[in-house]
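For the sequence shown, position 30 matches number 70 in the working numbering, and the numbering has no gaps at all. Virtual Cβ for every residue (Gly too), placed ideally from N, Cα, C. Everything on this sheet refers to the single structure shown next.
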Amino acid sequence: MQIKICDLTGVKSKSKFYDRIYYELDVADYAANNLDALHDILTTDIEGPIEIVWSDLDGSASEMTWDEVNKILSVFRSVESDREDFILRISD
């Protein structure tokens, strides 16, 4: 099965984050822009394997707060522990 890759590099706002991830994972038509929906979609709605790439976290935190970035990362880490076919690659 082909891996689904979502590159979040350059995302600077929460709305752009949700726009990008849902567009690249092809769920934009029905997804809600909140962390609970993101978790549900990543754990149950999308076939894997899935790879999330998020470089330049400092740049993302320039418009989002670090608290918001860390909450998103917490969701990703939860999904990573729930799914063997979910890969998270982050860098500053």
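Open item on the list: Tell me the rounded alpha-carbon separation between Gly82 and Val109.
Closed with: Taking the first residue of the sequence shown as position 1, residue 82 is located at position 42. Taking the first residue of the sequence shown as position 1, residue 109 is located at position 69. The identity of residue 82 in the sequence shown is Leu, whereas the question assumes Gly. Approximately 17 Å between the Cα atoms of the pair.
Task: Cα-Cα separation, Lys56 to Ser118 - done: As a position in the sequence shown, residue 56 is number 16, starting the count at 1. As a position in the sequence shown, residue 118 is number 78, starting the count at 1. Answer to the nearest angstrom: the Cα atoms are 22 Å apart.
- [ ] Check whether the segment 60-74 touches the segment 95-111, counting contact only when three or more Cβ pairs, one atom from each stretch, lie closer than 8 Å.
- [x] no
- [ ] Name the residue from Glu124, Glu103, Asp125 whose alpha carbon lies nearest to the alpha carbon of Lys54.
- [x] Stepping through the sequence shown from its first residue, residue 54 is reached at position 14. Closest option to Lys54, Cα to Cα, is Glu103.
TODO: Determine the DSSP secondary structure at Lys56, reduced to helix, strand or coil.
DONE: Locating residue 56 in the sequence shown gives position 16, where the first residue counts as 1. Helix at Lys56.
- [ ] Taking the CB atoms as reference points, tell me whether Ile92 and Leu48 lie closer together than 8 Å.
- [x] Reading the sequence shown from its first residue, position 52 is the one you call residue 92. Reading the sequence shown from its first residue, position 8 is the one you call residue 48. Yes.
Task: Minimum C-alpha distance to Arg129 - residue among Ser121, Tyr70, Trp94, Ser114 - done: Counted from its first residue, the sequence shown places residue 129 at position 89. Among Ser121, Tyr70, Trp94, Ser114, the Cα nearest to that of Arg129 belongs to Trp94.
Open item on the list: Assuming the contact rule is C-beta atoms closer than 8 Å, Gly50 and Asp98 should be a hit. Round their C-beta distance to whole Å, please.
Closed with: For the purposes of this step, residue 50 is taken as residue 10 along the sequence shown, with counting starting at 1. For the purposes of this step, residue 98 is taken as residue 58 along the sequence shown, with counting starting at 1. Incorrect: roughly 12 Å between the Cβ atoms, too far for contact.
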